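Residue numbers (this note's numbering), protein chains in the order written: chain D, 188 to 295; chain B, 927 to 1396.
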């Protein structure tokens, strides 16, 4: 089995837990190419169990990840979820008919 | 002119000197090759110096000049590229240890265009690993070590186009090509006190460039003047069958009227005092030849979150192989070693919602800013960050005004950064202009006029030599 297949199989349960979890832990900002004063990755004391479960699956790719690494990754995953919540607050910021940009181009 | 003066001369002036046979391209190339050898590692600016290719191209340029066949304003002018652009004759490392032996057997489209214009490729220049995609938080985020601003090597060059900005500021190249996904041209241009131009998305082909975020990656010039940046952009712009997003779009210009400039509301708040002072002085200069409208507000976001949601999905896909291989552990920055797993753990629905919000936000930005030829604001709220200090710990008291990187890059709008003075530790401060889509030359018109009234872009640092690896 490839590592990707192993990951998908192992992560499926965690993802379903993740999606069903309403409460998010304290988070950090998502990694960004912007060199900015805001921290991109930093360990936090509280992360959600669902994010931790997904983070643990990353050992499929790198078995040497430490428990501290897992906590840091989980914090980042929680941060991603927080970003998702922010761009569609309470699921009401976007309407059913708001289409995504499927091919981004700048109008002339 | 002394060799030092020649090294810091504008690219278009160098082109004129070559065309008039006051200096040969080979002499100029050898001058820059020597400076790259002498100072490149001291400032963490270089990955590979391409002696053989550079000297060969320079000789060809000189042969053509002797035969009366100069190809244009950059004929014979030596330059460098960020090491995320493929070029025959050198590895293309993307600044990252897992890719340090990666070799492509073709030239990126911008390299081909510059070659066709007679320019001479000197070097692959240093960059933040993976263009910062995995979330670095300090200067030591490249396998070549921290980039250092030539104004004071104890301070970061900015990133992720660290080598191009350092190389131009230190007079190691005639001009350089960098890339920006969100800040990677504008930020190092400010930290190094040079002129950076982020083109409209689609203006320049990315074929042969590392992908980080397909819907935001752009290539653009980093130069010693707005005039140079305009000239280089005119050479590298245009459609390319190898990049479906690239187009031939006319350059908007300002004719027979004063430029209209909007000053970003709260643009200079929570900034270092020197940044504020220099910004106010810049506005006074702009007022001499522009209609300046105060207090133009950035429409409500959330730009950063939307950018982040889209970025996460595209970055994770772009580097899926690296992440799944476990080789992230080889990256230089400890944050980068884990950051890939974090973006990998983002949700598809957030990516799609990000692209839905992007359409809405871009309309808001266009509506608010379209009356202006440029929106102006400080390029950064601080001078360069000290090497060895995490970014978030360097100047926490000066977070600055609204983030203009995310709205500008989400909408694919062009931007130009120019030096506008000096601040703490005699490090450069900068002024940023953001314009309409396809309005790059409107921005360079404004920036050229600013530079004709000021001399910050003509000042250059005194370099030191410490030897390799120090």
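Quick reminder that beta carbons are idealized off the backbone N, C-alpha and C, glycines included.
Note that the structure is a prediction, hence the values are computed from the model and not measured.
Which ranges would you report for the beta strand (DSSP E) in the segment 1064–1152 of chain B if only whole runs of at least 3 residues count?
-> 1101–1106, 1121–1124, 1144–1149, all fully within the segment 1064–1152 of chain B.
Contained alpha helix (DSSP H) runs [length at least 4] in the segment 1235–1309 of chain B, N- to C-terminal order = Residue ranges of uninterrupted alpha helix (DSSP H) with 4 or more members, entirely inside the segment 1235–1309 of chain B and ordered along the chain, are 1246–1251, 1260–1270, 1274–1295.
Identify, in the order they occur along the chain, each residue of the same chain with its Cβ nearer than 7 Å to the Cβ of residue 1108(B), setting aside the five sequence neighbours on each side.
-> 1142, 1233, 1331, 1332, 1335, listed in sequence order.
Tell me where the beta strand (DSSP E) around residue 965(B) begins and ends.
-> First-last for residue 965(B): 951–965, but that is the alpha helix (DSSP H), not the beta strand (DSSP E).
Is it a yes or a no for the segment 261–275 of chain D touching the segment 1273–1285 of chain B, going by three-plus beta-carbon pairs under 8 Å?
-> Contact holds: three or more Cβ-Cβ distances are below 8 Å.
Answer with buried or exposed for residue 1321(B), where buried requires no fewer than 16 other C-beta atoms within 10 angstroms of its C-beta.
-> So residue 1321(B) ends up on the buried side.
Touch check for the segment 1135–1155 of chain B and the segment 1222–1242 of chain B: three-plus C-beta pairs under 8 Å?
-> By the Cβ criterion, the segment 1135–1155 of chain B is in contact with the segment 1222–1242 of chain B, since at least three pairs of Cβ atoms, one from each stretch, lie closer than 8 Å.
From what residue to what residue does the beta strand (DSSP E) around residue 1006(B) run?
-> Judged by DSSP secondary structure, residue 1006(B) falls within the beta strand (DSSP E) whose first and last residues are 1004–1008.
Spatial distance of residue 1174(B) from residue 1163(B) (CA atoms) = Spanning the two alpha carbons is a distance of roughly 8 Å.
Got a sec: does the ligand COA put a non-hydrogen atom nearer than 8 Å to the Cβ of residue 1187(B)?
-> What this structure holds is no ligand at all, so the ligand COA is not there to describe.
Go through the segment 1020–1058 of chain B residue by residue and report every complete run of the beta strand (DSSP E) that reaches 3 residues or more, in order.
-> Entirely contained in the segment 1020–1058 of chain B, the beta strand (DSSP E) runs reaching 3 residues are, in chain order, 1046–1051.
Using alpha carbons as the reference points, say which of 1269(B), 1358(B), 1299(B) lies closest to residue 1305(B).
-> Here the closest residue by C-alpha is 1358(B).
First and last residue of the beta strand (DSSP E) that includes residue 1331(B)?
-> Counted as a single uninterrupted DSSP element, the stretch harbouring residue 1331(B) is not any beta strand (DSSP E) but the alpha helix (DSSP H) occupying residues 1331–1337.
Have a look at 1350(B), 1342(B), 1284(B) and flag the residue whose alpha-carbon is nearest the alpha-carbon of residue 285(D).
-> Answer by Cα proximity: 1284(B).
Alpha carbon to alpha carbon, how far is residue 1351(B) from residue 1192(B)?
-> Distance from the CA atom of residue 1351(B) to the CA atom of residue 1192(B), rounded to whole angstroms, is 25 Å.
Report, in whole angstroms, the separation of the C-beta atoms of residue 1377(B) and residue 1383(B), which I expect to be a contact under 8 Å.
-> The distance from the Cβ of residue 1377(B) to that of residue 1383(B) is about 5 Å, consistent with a contact at the 8 Å cut-off.
Helix, strand or coil: how does DSSP classify residue 231(D) here?
-> Any reading at residue 231(D) must be qualified, since the residue scores a pLDDT of 48, below 50, and its modelled position is unreliable; no value is offered.
May I have the straight-line CA-CA distance separating residue 1271(B) from residue 263(D), to the nearest angstrom?
-> As the crow flies, the alpha-carbon of residue 1271(B) is around 8 Å from that of residue 263(D).
Grab me the residues of residue 1287(B)'s own chain with a C-beta within less than 8 Å of its C-beta, minus the 5 sequence neighbours each way, in chain order.
-> Excluding positions up to five away in sequence, the list reads 1225, 1227, 1229, 1232, 1333, 1336, 1337.
Could you please give me the residues that DSSP links to residue 1360(B) through a beta bridge?
-> DSSP lists 1301(B), 1341(B) as partners of residue 1360(B).
Interface residues of chain D around residue 1281(B) at Cβ under 7 Å?
-> Residues of chain D passing the Cβ test: 287, 288.
Grab the span of the alpha helix (DSSP H) containing residue 240(D) for me, first residue to last.
-> In this chain, the alpha helix (DSSP H) harbouring residue 240(D) covers 236–243.
To the nearest whole angstrom, what separates the beta carbons of residue 1111(B) and residue 1148(B), a pair I think is in contact under 8 Å?
-> 6 Å between Cβ atoms; contact.
How would you label residue 1379(B), buried or exposed, when you count the other beta carbons within 10 angstroms and need 16 or more for buried?
-> Its Cβ having fewer than 16 others within 10 Å, residue 1379(B) is exposed.
Run down chain B in chain order and give the residues with a C-beta less than 7 Å from the C-beta of residue 293(D).
-> The contacting residues are 1126, 1127, 1128, 1338, 1363.
Contacts that residue 254(D) makes with chain B (C-beta to C-beta distance below 7 Å) | Neighbours of residue 254(D) in chain B, taken as residues at a C-beta separation under 7 Å, are lacking, since the least C-beta distance is about 13 Å.
Going by DSSP, name the residue or residues bridged to residue 1166(B).
-> Per DSSP, the beta-bridge partners of residue 1166(B) are 1169(B).
With a CB to CB cut of under 6 Å and the five nearest residues on each side skipped, what residues in its chain are close to residue 221(D)?
-> Unreliable placement is indicated for residue 221(D), whose pLDDT of 48 sits below 50; the coordinate value is still reported in the next sentence. Cβ-Cβ distances below 6 Å link residue 221(D) to nothing in the same chain once the five nearest sequence neighbours on each side are left out.
Determine, using beta carbons only, whether residue 1024(B) comes closer than 9 Å to chain A.
-> Included in the structure are the protein chains D and B, with no chain A among them.
Across which residues does DSSP place residue 985(B) in a beta bridge pair?
-> Partner(s): none; residue 985(B) has no beta bridge.
From what residue to what residue does the beta strand (DSSP E) around residue 263(D) run?
-> Premise fails: residue 263(D) lies in the alpha helix (DSSP H), 254–274, not in any beta strand (DSSP E).
C-alpha gap between residue 1297(B) and residue 1187(B), whole angstroms = Taking the CA atoms as reference points, residue 1297(B) sits about 9 Å from residue 1187(B).
Backbone CA spacing between residue 1013(B) and residue 1034(B) [nearest angstrom] | The straight-line gap from Cα to Cα measures roughly 6 Å.
Is the distance from the Cβ of residue 1132(B) to the Cβ of residue 1172(B) below 9 Å?
-> Yes, Cβ-Cβ distance for residue 1132(B) and residue 1172(B) is below 9 Å.
Using beta-carbon positions only, say whether residue 1343(B) and residue 1204(B) come within less than 9 Å of one another.
-> Cβ atoms of residue 1343(B) and residue 1204(B): not closer than 9 Å.
Hey, does residue 1255(B) have any beta-carbon neighbour from chain D nearer than 9 Å?
-> By this cut-off, residue 1255(B) is an interface position.
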